[in-house]
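J.: In our numbering, the protein residues as written are 656 to 729. For each residue, glycine too, the CB sits at the ideal point set by N, CA and C.
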């Protein structure tokens with residue numbers, strides 16, 4: 656399953672390579688991009704595992720919190 660349609664409204668607003676480095680430092684950026692597209696490194700299917708998807712949700716929530724906190728400081 657590709658994640659991109661689910662986050663279409665923010666997809667172009669985030670530098671996903673930097674996001675991946677911060678929130679998935681144990682994985683490569685290419686791994687993250689492949690997971691976002693629902694493929695594995697060999698072109699087959701390779702969606703996020705339930706644990707990885709939970710981590711992605713937490714990371715997006717943390718990013719939202721940081722953006723809101725930055726807005727409040729203005």
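1. Do you know offhand how far residue 700's Cα is from residue 719's?
2. Where does residue 669 sit, in a helix, a strand or coil, going by DSSP?
3. Among 668, 667 and 675, whose alpha-carbon lies nearest the alpha-carbon of residue 712?
4. Use the C-beta contact count for residue 690: other C-beta atoms within 10 angstroms, 16 or more gives buried, fewer gives exposed.
T.: Quick answer:
1. Cα to Cα, residue 700 sits roughly 29 angstroms from residue 719.
2. Of the three classes helix, strand and coil, the one that applies to residue 669 here is coil, per DSSP.
3. Selected option, being the one with the closest Cα: 675.
4. Answer is buried; the Cβ neighbour count reaches 16.
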